[in-house]
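Participant: Note that my numbering has the sequence shown beginning at -9, numbered continuously upward.
The structure is given below, and queries will be raised subsequently.
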Amino acid sequence: MGGPSRRGNAVLVAATYLTVLAVLVLPVLLVMVEALRTGIGAAWRSLLDPDALSAIRLTLLVTLVATIVNTAGGIMAAWLVTKYRFRGRGILVALIELPISVSPVIAGLVWLLLFGRQGWWGDWLDRHDIQIAFATPGILLATLFVTFPYVARTLMPFMEQQGREAEEAAFLLGAGFWRTLWRVTLPDARWALLSGILLTTARGIGEFGAVSVVSGHIPGLTETMPLHIETLYNGYQTVAAFTMAALLALIAMATVLLRSFLEHDFRKASS
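Written out as C-alpha cells, the structure reads:
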C-alpha cells in the first residue's frame, strides 16, 4: 500500500511542478529573453524614454496613493465588520468583495459614465475646469476600486479570531479608539495587514482594464506601465514592450515573494 501511494504522490508533485513551470515560470522567462534579445543596452535605453519614465512614475504614484487610502479604509472596514453585529452587515461584506467579482472594465465604464465629458457630472466638471476622466484622478479612482478588498479581506479572519475581549478591556481602562486600534488590535494582525498591503500594491501596479477605459491612453500623460506596454507592442516596438513587461513582472514578483516570506516568518513565529 505504501509503495503505490508514494508513487502516486510523486506523480502528483511532478505534475504540479510541471504545470507551475509551464503556466507561470516559462512565460516570465520568455518575457525576459525577449527584453534582452538585442542587448541590455537597448533595453535600458527603452526604459529611459520620456514616455516610459512617465508611465513608471504615474504607476508608482497611483499605486502608492491607492495603497495608503485602501489600507486605512480596509482597516476601518475590517474593524466594523468583525467587531460589531448590525443590520446590513452581510450586505457590507458583499460590497467589500464586489470589486473581486466585477470586471475591472465595468468599473472603468462606471467612472467614465460619472465623470466623462458626456457623463452625469461632465458638464459641471467642465464648467469648473476639473478633469477626472482621462487624467490622473480618474486613474486613481479606478485603481482604488479594484484594490479596495485586499487589506480588508486579509484582516477580517484575524480580527474575527481575536474577538472583542481585549478591546473591551482597553476601553474600560480608558484607552480611546485609536490607541486601542494601534496598541491592541493591529499588533496581533500585523502580518495579515502587511500581506494585504503587498497584495494591494501588486494589484495596483498591474491593473489594466479599469485604467484602460478611464485613462484615455495619452502617452506621457495618462499611460501607466501596463497601458504603455500595449502601446509599444501595437507600435511594433517589441523590445521596448517586453522590457517594460519584464520590469513590471519583476516588481510584481518581488512583491509576491516578500509577502510569501512574511507569511513564512509569521507561521514560524506562531508555531
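Cβ coordinates follow ideal geometry from the N, Cα and C atoms, glycine included.
Note that the structure is predicted; figures quoted are calculated from it, not measured.
My guess is that residue 137 and residue 56 are in contact by the Cβ rule of under 8 Å, so how many angstroms apart are they, rounded?
Facilitator: About 5 Å separates the two Cβ atoms, so the contact holds.
Participant: Where do the N-terminal and C-terminal ends of the alpha helix (DSSP H) with residue 108 fall, by residue?
Facilitator: Residue 108 -> no alpha helix (DSSP H), and no H or E assigned at all.
Participant: Is it the case that the Cβ atoms of residue 212 and residue 148 are separated by a distance below 8 Å?
Facilitator: The answer is no: Cβ separation not under 8 Å.
Participant: With a cut-off of 8 Å, do at least 3 Cβ pairs link the region 81 to 99 to the region 184 to 191?
Facilitator: Result no; under three Cβ-Cβ pairs closer than 8 Å.
Participant: Where residue 4 and residue 99 are concerned, what is the direct C-alpha to C-alpha distance, given to the nearest angstrom?
Facilitator: Cα-Cα distance, rounded: 43 Å.
Participant: Per DSSP, what kind of secondary structure is residue 36 in: helix, strand or coil?
Facilitator: Residue 36 falls in the helix class under three-state DSSP.
Participant: What is the rounded straight-line gap between the Cα of residue 22 and the Cα of residue 50?
Facilitator: So the two alpha carbons sit approximately 21 Å from each other.
Participant: Please go through the region 195 to 220 and give each complete beta strand (DSSP E) segment of 3 or more residues, from N-terminal end onward.
Facilitator: Complete beta strand (DSSP E) runs here, min 3: none at all.
Participant: Starting from residue 168 and walking both ways along the alpha helix (DSSP H), at which residues does that stretch end?
Facilitator: Per DSSP, residue 168 belongs to the alpha helix (DSSP H) from 167 to 170.
Participant: By Cβ distance below 6 Å, which residues in the same chain neighbour residue 232 in space, the five residues on each side in sequence not counted?
Facilitator: So the qualifying residues of the chain are 21, 24, 25.
Participant: Please classify residue 123: does DSSP put it in a helix, a strand, or coil?
Facilitator: Here residue 123 sits in coil by DSSP.
Participant: Between residue -9 and residue 18, what straight-line distance do the alpha-carbon atoms span, to the nearest angstrom?
Facilitator: No answer about residue -9 holds up, because its pLDDT of 47 lies below 50 and its placement is not dependable.
Participant: Shortest alpha-carbon distance to residue 244 belongs to which of 220, 1, 193?
Facilitator: Residue 193 is the option with its Cα nearest to residue 244.
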